[in-house]
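Count along the sequence shown from 1, then add 118; that gives the number in the numbering used here. Single-structure report; data block below.
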Amino acid sequence: MSAEDFRVLAEQLFNELPVEFRSCLENVVIMTDNFATEEVLAAMRIDSPYGLLGLYEGVPMTARQAVESGILPDMIHLYRKPIMRMQAESGVSLEACIRHVLVHEIGHHFGFSDADMHAIEQGE
Numbered sequence: 119m120s121a122e123d124f125r126v127l128a129e130q131l132f133n134e135l136p137v138e139f140r141s142c143l144e145n146v147v148i149m150t151d152n153f154a155t156e157e158v159l160a161a162m163r164i165d166s167p168y169g170l171l172g173l174y175e176g177v178p179m180t181a182r183q184a185v186e187s188g189i190l191p192d193m194i195h196l197y198r199k200p201i202m203r204m205q206a207e208s209g210v211s212l213e214a215c216i217r218h219v220l221v222h223e224i225g226h227h228f229g230f231s232d233a234d235m236h237a238i239e240q241g242e
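The following block contains the structure:
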């Protein structure tokens with residue numbers, strides 16, 4: 119899938135999320151990139167460029183002040199090639215893979231840790 123088709127699909131999947139979530143994401147920008155930058159991978163101690171599917175950059179809602187002005191938008195990065203590899207290896211639809219990563223990164227925006235989201239996914 120081309121980078122542009124991936125971007126359009128990610129945008130479509132974002133727009134399909136419940137309005138209750140989207141209304142809390144007005145200051146969040148969804149970015150699609152082929153891979154995370156070398157700097158991001160190094161900072162996260164990830165060796166393979168395929169080792170990171172997505173990334174939330176910003177201030178989680180749980181850490182925000184009541185009134186903040188002049189702040190840059192939060193960003194969610196979806197990494198196309200790692201997500202496409204995950205899809206090829208899992209056999210799950212590309213839409214489901216993108217949605218999974220997108221929802222995971224949105225969880226970080228709401229202040230959930232990776233452990234919190236794993237527990238939610240496992241029904242704990």
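Built from N, CA and C at the ideal position, the CB exists for glycine as well. Please read all numbers here as calculations on a predicted model, not as lab measurements.
Check, Outcome
"Beta-carbon proximity of GLU223 to LEU196, cut-off 9 Å", "yes"
"Validate contact between the stretch 140 to 159 and the stretch 198 to 211 using beta carbons, cut 8 Å, 3 pairs", "yes"
"Cα-Cα separation, SER211 to GLN205", "6 Å"
"Residue environment, ASP192, which counts as buried when at least 16 other CB atoms sit within 10 Å", "buried"
"Same chain, Cβ closer than 7 Å to ASN145, five either side skipped, listed in chain order", "PRO191 and ASP192"
"Given ILE194 as reference, the closest of VAL221, GLU122 and GLN130 once Cα atoms are compared", "VAL221"
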